[in-house]
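As structure tokens, the structure follows; a few thoughts come after it.
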Amino acid sequence: MPSAATDNQQQSTEEWFSPLPLDEYYKINELARKDVPKTRPIDPNDKLGDYNITCGPILRLAGTLENNTANYRGSIMLVVKDCPEEKTPSITYKIGPASETESNNGEFSTGEFAVTKYYEEDGYSFFRYTIDLQLAQYEQKIEYYIDKFFKKSFQFYIPSVDESMNVISFSCNGFSLGCDASEYKSSLWYDVLAKHSKQHYHVMLGGGDQIYSDAIKLHSKKLQEWTEINNPLKKRHAPVDDKVLVEFNNFYLNHYMNWFGKGFWKGSASQVVEALFPLTMSQIPSVNIYDDHDIIDGFGSYHDSTMSAPIFSAVGNVAYKYYMLFQHQMNPEEKLHTSDPSWVLGKEGPFIKQKNHSVFMRLGKEISLLGLDCRTERKLKQICDPQTYKIVFNKMNETLKANGDVKHLYVMLGVPIFYPRLVWLEWLLTSRALAPLRKLAAKGVINKGLVNEFDGDVEVLDDLNDHWCSKHHKRERNKLIKDLMEFGAKKGIRITILSGDVHLGCFGRMKSKYHHHPNAHVLRGAKEIEDLNKDLTSYPENDPRLIFNVISSAIVNAPPPDAMATLLDKRSRIHHFNQDTDEDIVPIFVKDVDGAPRANHQFLNKRNWSDLVLAKQSLKYKSLLAEAEKKANADADAAEAATAEAAEAEAPANGTHADSTDTSVLRKYPQPVFDNEHDTKEGDFLHNQKPNDRYIKYPLFEDSIVTSLRVEKDHTSLASESTAYEVLIPPLIGTYKLGRATVKHVDV
1 MPSAATDNQQ QSTEEWFSPL PLDEYYKINE LARKDVPKTR PIDPNDKLGD YNITCGPILR
61 LAGTLENNTA NYRGSIMLVV KDCPEEKTPS ITYKIGPASE TESNNGEFST GEFAVTKYYE
121 EDGYSFFRYT IDLQLAQYEQ KIEYYIDKFF KKSFQFYIPS VDESMNVISF SCNGFSLGCD
181 ASEYKSSLWY DVLAKHSKQH YHVMLGGGDQ IYSDAIKLHS KKLQEWTEIN NPLKKRHAPV
241 DDKVLVEFNN FYLNHYMNWF GKGFWKGSAS QVVEALFPLT MSQIPSVNIY DDHDIIDGFG
301 SYHDSTMSAP IFSAVGNVAY KYYMLFQHQM NPEEKLHTSD PSWVLGKEGP FIKQKNHSVF
361 MRLGKEISLL GLDCRTERKL KQICDPQTYK IVFNKMNETL KANGDVKHLY VMLGVPIFYP
421 RLVWLEWLLT SRALAPLRKL AAKGVINKGL VNEFDGDVEV LDDLNDHWCS KHHKRERNKL
481 IKDLMEFGAK KGIRITILSG DVHLGCFGRM KSKYHHHPNA HVLRGAKEIE DLNKDLTSYP
541 ENDPRLIFNV ISSAIVNAPP PDAMATLLDK RSRIHHFNQD TDEDIVPIFV KDVDGAPRAN
601 HQFLNKRNWS DLVLAKQSLK YKSLLAEAEK KANADADAAE AATAEAAEAE APANGTHADS
661 TDTSVLRKYP QPVFDNEHDT KEGDFLHNQK PNDRYIKYPL FEDSIVTSLR VEKDHTSLAS
721 ESTAYEVLIP PLIGTYKLGR ATVKHVDV
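In the UniProt record's numbering, the protein residues as written are 1 to 748.
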């Protein structure tokens with residue numbers, strides 16, 4: 001039960017540093033799986049005083065360290081049903097140090113977040129509360145009170161002014177329409193909260209499909225009637241009337257209210273309550289981009305004639321409106337929609353008549369984020385307009401300085417960009433030999449499920465067309481990779497790409513080739529061309545082409561069968577991006593989640609999510625780094641003393657100088673991290689493996705990103721435990737000018 005602030009503020013001071021109530025969250029997870037109702041569950045605790053909160057509170061991050069200030073900017077969304085006239089719920093807050101060790105130096109203060117009613121429909125009032133805080137010399141915790149009421153989930157954390165954010169990356173947060181959700185007795189959102197209770201997460205990045213909206217096909221009679229039109233010309237020109245728009249608006253409004261408000265979803269075969277999802281959104285701020293299922297399955301990847309049909313285009317435009325209302329907490333009709341500093345605005349989409357909205361912001365001191373909007377401008381043969389890419393790179397070039405504070409740039413792309421090619425399957429499904437079967441399926445003579453109901457193509461073809469490696473997107477893909485690689489090299493910033501969509505976990509990778517090629521890149525500032533490639537297997541921190549694609553999905557949806565993972569494994573090979581650069585999948589899954597050996601080392605088809613934490617902030621590694629620094633300082637002091645002694649004796653200090661390639665740095669292969677019972681030779685499963693062009697040890701520096709793909713152990717266990725598969729992503733040491741190697745489809 002929520003408690004009133006007057007009773008609770010003294011209690012919150014006394015229990016300020018207490019951990020999250022995981023026992024309560026476990027019970028919520030357990031109850032949510034029992035006797036799942038047919039409609040949205042009603043909770044009397046939604047009523048706070050005079051207000052019936054039907055969705056929210058949901059936190060959103062908007063930016064930090066803007067305009068050379070120590071600011072923190074975000075918002076909280078509440079949706080209130082039948083809000084009393086001329087009354088608005090208030091949100092007050094208390095802020096103080098997050099750690100008991102800082103309690104003597106930290107300060108406590110209180111305040112109130114300014115509120116704006118930014119939308120109203122069907123008796124629902126949307127309120128946005130502006131978070132405008134200052135970062136301090138220590139991590140801070142904020143507790144907030146809605147109309148003087150408090151729940152234990154009404155809290156969040158912000159990093160210190162000298163820290164970067166601890167990040168969650170997730171995608172595919174929902175079930176496909178025909179999926180049997182009852183098979184999944186656990187929620188990985190419990191795993192997120194369990195990890196959050198130990199290592200505070202400051203932001204979670206939604207990489208697309210935060211909601212599965214394909215059920216519009218079940219709920220809209222007008223859309224069903226349209227899909228059943230057989231005459232292509234009539235289908236393309238069927239008009240949109242007020243009844244169509246009312247149906248579409250009603251679906252997306254209530255669908256979001258159910259999922260974001262209660263975690264309730266109903267498909268064609270089952271329903272589920274994912275109660276811990278909204279609970280997590282109330283205590284970890286989000287930054288989101290969207291993908292097809294946030295609209296409808298495959299939107300953007302059908303034939304342009306289908307996409308431009310008024311009714312299908314209306315689906316995209318209405319879905320976009322609610323995407324902005326719920327996921328970005330702003331109304332497309334208000335000025336903030338185009339003026340928020342976190343936006344990078346591109347061109348207007350061909351079917352969604354809105355500007356491309358990419359997200360660009362700092363995630364604390366050493367990390368920046370680009371969330372590329374890959375859906376608004378998408379059509380069959382385009383993901384983003386060329387002008388939009390120019391705008392995005394101009395913004396990044398203006399903002400990010402070479403050798404500045406920012407050491408890492410995360411780039412969110414909904415669909416993986418380093419992934420096995422399935423062009424052969426694409427060719428097969430579009431071949432003329434299948435044309436008669438497609439026609440028979442469209443008429444229902446044979447299995448109608450063989451083709452989609454929108455344009456009559458084979459059902460899985462929209463998924464293939466969605467991929468960056470699709471035949472339609474090869475040039476655009478290679479141009480983006482080339483531009484990102486050159487940008488990172490020039491700025492001395494390590495690029496890491498975050499993607500989802502494919503319902504399994506893996507790590508894609510670009511890197512310099514393991515051979516001698518002295519003209520591959522010039523170290524900026526050097527007088528001579530340096531032949532660094534010979535060292536890049538041993539010292540990948542010097543590799544300007546090293547980019548990981550962390551592919552993490554799904555946090556909720558069902559994984560593909562083993563046969564699909566095996567097919568991907570067999571089709572995956574080393575690709576030559578150009579004469580200086582190779583692309584592969586990291587062979588990290590040497591053990592299964594239970595410690596058993598695996599044959600497929602590249603793809604793991606179980607539900608998952610990922611986190612990315614700077615090593616110097618990692619609970620696992622920061623003490624190890626502190627010890628290493630202490631030893632390095634002692635060695636440096638000893639070397640300095642030896643040098644001084646040698647100088648006095650007028651003799652060379654043989655072997656006592658500090659080496660730039662410090663062999664004392666811990667270096668690890670990407671691999672699973674288990675509890676002690678699975679450890680071999682201090683947890684190193686690849687200790688007998690010699691480094692080569694596939695198996696590379698990555699260094700543990702203070703600014704390395706400890707990246708963990710957290711894979712579900714048992715989808716029937718309410719404890720929702722996961723196994724971590726860990727990669728240490730190093731910063732890029734130095735700035736470089738890359739050689740002029742030809743890139744296929746781009747330079748020829």
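Just so you know, even glycine gets a beta-carbon here, dropped at the ideal spot from N, CA and C.
Measuring only the C-alpha atoms, how far is residue i from residue j?
i           : j      : result
His745      : Ile481 : 12 Å
Ile551      : Glu712 : 15 Å
Phe351      : Tyr320 : 11 Å
Glu139      : Ser169 : 21 Å
Arg667      : Arg378 : 41 Å
Gly414      : Asn633 : 44 Å
Cys506      : Ile585 : 7 Å
residue 764 : Gly207 : Nothing can be reported for residue 764: it is not among the residues displayed for the chain, which extend from 1 to 748.
Arg509      : Pro544 : 13 Å
Lys195      : Asp132 : 27 Å
Trp226      : Arg236 : 9 Å
Lys511      : Val240 : 50 Å
Lys38       : Lys152 : 28 Å
Asp501      : Phe326 : 21 Å
Tyr280      : Ser664 : In the sequence under discussion, the amino acid at residue 280 is Thr, which differs from the Tyr named in the question. In a straight line, the C-alpha of Thr280 is about 40 Å away from that of Ser664.
Glu726      : Tyr669 : 9 Å
Keeping to the same chain, check which residues put their C-beta closer than 8 Å to that of residue i; ignore five residues upstream and five downstream.
i           : result
Thr338      : Leu345, Lys355
Glu476      : Gln382, Ile383, Cys384, Trp468
residue 758 : The chain is shown from 1 up to 748; residue 758 falls before or after that span and cannot be answered.
Leu372      : Ile289, Ser358, Cys384, Val392, Val411, Met412, Leu413
His575      : Arg421, Asp582, Glu583, Asp584
For residue i, does the three-state DSSP call read helix, strand or coil?
i      : result
Tyr695 : coil
Glu726 : strand
Pro540 : helix
Glu583 : strand
Trp609 : strand
Gly63  : strand
Asp535 : helix
Trp16  : coil
Thr69  : coil
Glu228 : coil
Leu177 : coil
Phe418 : coil
Tyr212 : coil
Lys407 : coil
Thr399 : helix
Ala651 : With a pLDDT of 39 at Ala651, under the threshold of 50, the predicted position of this residue should be treated as unreliable, though the coordinate-derived value follows. Coil.
Ile91  : strand
Lys152 : coil
Looking only at its chain, what residues have a beta carbon closer than 6 Å to the beta carbon of residue i, apart from the 5 residues adjacent to it on each side?
i      : result
Cys55  : Val79, Met257, Phe260, Gly261
Leu614 : Ser164
Gly349 : Thr376, Glu377
Phe603 : Leu504, Cys506, Ala565, Leu568, Asp569
Skipping 5 residues on each side, what residues in its chain have a beta carbon closer than 7 Å to that of residue i?
i      : result
His202 : Tyr157, Ile158, Pro159, Met165, Asn166
Ser268 : Leu177, Gly178, Leu218
Val244 : Lys222, Ile311, Ala314
Thr566 : Asn600
Glu702 : Ala615, Lys616, Leu625
Asn578 : Ala741, Thr742, Val743
Which residues share a DSSP beta bridge with residue i?
i      : result
Met204 : Ile168, Ser286
Cys55  : Val79
Ile158 : Gln140
Gln199 : Paired residues: none, contrary to the question.
Ala114 : Thr130
Val711 : Asn608, Thr723
Phe548 : Thr496, Arg509
Phe360 : Leu370
Asn265 : The sequence given here has Trp at residue 265, not Asn. Partner(s): Val272.
Asn578 : Thr581
Comparing the CB of residue i with every heavy atom of the ligand SAH, is any distance shorter than 7 Å?
i      : result
Val411 : In terms of ligand content, the structure shown is empty, and the ligand SAH therefore cannot be addressed.
Quick one: which unbroken beta strand (DSSP E) runs of 3-plus residues sit fully inside the stretch 273-350? Chain order, please. For the stretch 273-350, whole beta strand (DSSP E) runs of length 3 or above, ordered along the chain, are 286-288, 343-348.
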